[in-house]
Amino acid sequence: MKNIVHKLQNDMYNKLSSHSKLVRGAVRGCLDALFLLNERTLCHQGNNLKDAKISVDF
21 MKNIVHKLQN DMYNKLSSHS KLVRGAVRGC LDALFLLNER TLCHQGNNLK DAKISVDF
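My numbering applies: residue 21 is where the sequence shown begins, and numbers increase by one.
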């Protein structure tokens, strides 16, 4: 399950590449916290990540 989380993280981080370093750092920090929270919640509940939907709009 952690591999799926890391793939989702990398996909979202790649979408940030066109933004300024400050924006990338701020959004990456928020995404790290969000993914950590989601990972713990999903592991605790035994749910599958295939049902998780996370989007970031700029």
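Where a beta carbon is used, it is the ideal one built from N, C-alpha and C, also for glycine.
Residue i (DSSP reduced to helix, strand or coil)
i     : result
His26 : helix
Leu54 : helix
Leu42 : helix
Whether residue i touches residue j by CB criterion (9 Å)
i     : j     : result
Arg44 : Leu54 : no
Closest residue to residue i among the options (Cα-Cα distance)
i     : options                : result
Met32 : Leu56, Asn23 and Arg48 : Arg48
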